[in-house]
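Residues in the sequence shown are numbered from 99 upward in steps of one, following the working numbering.
From the three backbone atoms N, C-alpha and C, an ideal C-beta is built for every residue, glycine too.
All remarks here apply to the structure that follows.
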Amino acid sequence: MNVGDTHYTTIWLNADGRSVDIIDQRWLPHEFRVVTLSSLDAFATAIRDMWVRGAPLIGVTAAYGIAWQMREDASDAALSKAYDILHETRPTAINLRWALDAMRATLDPLPEGERAAAAYARAAEIAAEDIEINRAIGKAGLEIIRKIAATKKPGEPVNILTHCNAGWLATVDYGTATAPIYLATEEGIPVHVYVDETRPRNQGAQLTAWEMAGHGVSHTLIVDNAGGHLMQHGMVDVVFVGTDRTTAEGDVCNKIGTYLKALAAKDNNVPFYVCLPSPTIDWTVRDGVREIPIEERSGDEVSLVWGKTAEGKVIQVRISPEDSPAGNPAFDVTPARLVTGLVTERGVAEASAQGLLALFPERQAAE
Ligand code: MRU
99 MNVGDTHYTT IWLNADGRSV DIIDQRWLPH EFRVVTLSSL DAFATAIRDM WVRGAPLIGV
159 TAAYGIAWQM REDASDAALS KAYDILHETR PTAINLRWAL DAMRATLDPL PEGERAAAAY
219 ARAAEIAAED IEINRAIGKA GLEIIRKIAA TKKPGEPVNI LTHCNAGWLA TVDYGTATAP
279 IYLATEEGIP VHVYVDETRP RNQGAQLTAW EMAGHGVSHT LIVDNAGGHL MQHGMVDVVF
339 VGTDRTTAEG DVCNKIGTYL KALAAKDNNV PFYVCLPSPT IDWTVRDGVR EIPIEERSGD
399 EVSLVWGKTA EGKVIQVRIS PEDSPAGNPA FDVTPARLVT GLVTERGVAE ASAQGLLALF
459 PERQAAE
C-alpha cells in the first residue's frame, strides 16, 4: 500500500541482497522508520519485541531470518539452531511455525552450498504468496460488503468494526481483515470503519487508524469497550477481524478482546467474519481454548503507554501505581459457534471442521 506517494510493502530485501528492511512499527503513527535487519539476533528481536507483528508478517520475517543465517553458515546445526531461536520468539501465531517448516522443507534436502540462494528464493516466494492470498481474501470479503451495501440507501455507508490491526502492516501487503475494506473503497462502495484495540498495545489506535487515514477510508477510533454499545444501536453492519491461529474446527485465536466483540456481535445479530490466509489454520489443533498457547506479555504494556507530547517527542508514561502488578494475556479464543464465516483465499467457509474441509479437501486425506 502507499505511504504518501510511495508504495511500500512491510518487508523487503535490502539493496545489499542479503539484509532485510522492515517498517519498524513501534513508532507508528508518529514516526515512519525503516530498519535494516542484518543478524539472526536482529530478526529474532524484531519479532519478539514487535518491531514487526501480525501473524503473516511474523512468518515472512522468520523465513528471511533463516535465509540470512544460511548465508552466514548453512550447516544442519546452524539451520536447526536458527529454527529454534526464531520459533521461540512468539508462541501463538501459527504462521511462524508454518513459515519455518516451509523453509526447512526446502532446505533440508539441499547440500550446504545451495542452501543460501534457495532460502532467499523461498522466503521471497512466501512473501509474494502472502500478497496474492490477501488479494483473494479481499475479493471474497468484498462480496460480503457488496451484499450489505445492496441493502442500504444510496450513499449510506456499510459500517464495519475491526479489532486490532489485521491490516497491510500485519501482512506483507493489503492485510487480511482490511483487504475487503480496501477493495470496497477502490470500487466506490461507501464504508465507515470503527477501529478499536485501544489497549493493551493500542494497535487499532496506532496502526489501523494510521492505515485508514493514509488511504482515505472514513473511520472512527473507539475504545475497546464501545463496540457492544455501537452494535446495540445498529451502528455496526459487520465485523471483520484477523486471526493468529485457527483450529481445524474453526475456533479462532486473535488479539485479546476479540472474543468480547464476537459475544456482542452474536447478541446483536451482527455478522462476525474472520479473515485468514490458509497458513493460519493449525490442522493439528481442534479445541482452541484448551490447546492454543496464549502468549503472556510483559505487564509493562498495560502499566505504561506510548504517546506523543505537544512538543512532538514520543515518550512512554506510567498510568498505574508503581507497585500494582499487571497481567497481559495477548490473545483470546473465539469459539467457532460465534463466528459467522471464515474468509479465506478460497472463499468463505463455515466455521466448522466440515466447512474448512470443504474448502481445503486435500486436508481430508492428511487428517
Ligand atoms: O498485538 P498484535 O499486533 O500482535 O496482534 C495482531 C493481531 O491480533 C492480528 O489480528 C493477527 O495477527 C492477524 S494479522 C492478519
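At the level of alpha carbons, what is the spacing between residue i and residue j?
i, j, result
"GLU448", "LEU267", "27 angstroms"
"LEU208", "THR269", "29 angstroms"
"ALA408", "ASP147", "27 angstroms"
"PRO369", "GLY410", "40 angstroms"
"VAL415", "SER401", "8 angstroms"
"ARG220", "THR356", "33 angstroms"
"ALA307", "VAL437", "24 angstroms"
"GLU129", "LYS251", "39 angstroms"
"PHE458", "PRO423", "45 angstroms"
"LEU358", "GLU295", "12 angstroms"
"VAL372", "LYS406", "32 angstroms"
"ALA197", "GLY253", "43 angstroms"
"PRO278", "SER173", "43 angstroms"
"ALA180", "LEU138", "7 angstroms"
"THR159", "ILE183", "13 angstroms"
"VAL431", "PRO189", "14 angstroms"
"GLY313", "LEU281", "Correcting the residue type first, residue 313 is His in the shown sequence and not Gly. Looking at the two C-alpha atoms, the distance is approximately 11 angstroms."
"ILE413", "ALA303", "16 angstroms"
"GLN462", "ALA275", "27 angstroms"
"GLY157", "SER418", "34 angstroms"
"ILE231", "ALA222", "14 angstroms"
"TYR389", "ARG444", "Note that residue 389 is Glu in the sequence shown here, rather than Tyr. Spanning the two alpha carbons is a distance of roughly 26 angstroms."
"ALA248", "ASN263", "27 angstroms"
If you reduce the DSSP assignment to three classes, tell me which class residue i lands in.
i, result
"ALA324", "helix"
"THR378", "helix"
"LYS411", "coil"
"ALA346", "coil"
"TRP266", "helix"
"HIS317", "strand"
"HIS185", "helix"
"VAL383", "coil"
"THR143", "helix"
"GLU212", "helix"
"GLU393", "coil"
"THR249", "coil"
"ILE287", "coil"
"LEU358", "helix"
"LEU126", "coil"
"TRP149", "coil"
"GLY239", "helix"
"MET201", "helix"
"ALA76", "Nothing can be reported for residue 76, as the shown portion of the chain is limited to 99 through 465."
"ASP206", "coil"
"ASN366", "coil"
"ALA282", "helix"
"PRO298", "coil"
"MET310", "helix"
Any Cβ of chain D within less than 9 angstroms of the Cβ of residue i?
i, result
"GLU227", "Of the chains in the structure shown, none is chain D; there is only one protein chain."
Per DSSP, residue i is paired with what?
i, result
"ILE121", "VAL132"
"TRP404", "GLN414"
"TYR162", "Paired residues: none, contrary to the question."
"PHE429", "LYS353"
"TRP110", "ASP119"
"TYR292", "LEU259, THR318"
"TYR371", "PHE338, GLY439"
"GLY453", "According to DSSP, which records beta bridges pairwise, GLY453 is partnered with nothing at all."
"VAL446", "VAL441"
"THR104", "VAL101"
Can you tell which of the options has its C-alpha closest to the C-alpha of residue i?
i, options, result
"GLY236", "ARG395, THR283, THR204", "THR283"
"ILE379", "GLY410, ASP342, VAL368, GLN414", "ASP342"
"GLU393", "THR187, MET168, ARG131", "THR187"
"MET333", "HIS290, HIS185, ILE242, CYS262", "HIS290"
"ALA428", "SER173, ASN300, ASN323", "ASN300"
"ARG395", "LYS353, GLY386, ILE417, THR382", "LYS353"
"TRP149", "GLY163, ILE121, ASP174", "ILE121"
"VAL256", "TYR292, ALA222, GLY273", "TYR292"
"GLY265", "ASP199, LEU454, THR107", "THR107"
"LEU305", "ARG124, ILE109, ILE413", "ARG124"
"GLY273", "ALA140, PHE338, ASP398", "PHE338"
"ALA165", "ARG151, PHE141, THR442", "PHE141"
"ALA217", "ALA225, GLU210, LEU205", "LEU205"
"GLU420", "ASN426, ARG131, GLY397", "GLY397"
"ARG384", "ASP228, ALA175, ALA346", "ALA346"
"ALA176", "ALA191, ARG202, GLU460", "ARG202"
"THR260", "GLU241, LEU319, ARG244, PRO288", "LEU319"
"SER450", "VAL387, ILE258, ASP349, LYS364", "ASP349"
"ASP119", "PRO127, LEU126, ILE109", "ILE109"
"HIS317", "PRO288, VAL387, GLY115", "PRO288"
Output the residues surrounding the ligand MRU, defined as those with a CB atom closer than 7 angstroms to any ligand heavy atom, in chain order. MET148, ARG151, GLY152, ALA153, PRO154, ALA191, CYS262, ASN263, ALA264, ALA268, THR269, GLY273, THR274, ALA275, ARG299, GLN301, VAL339, GLY340, THR341, ASP342, ASN352, LYS353, ALA428, PHE429
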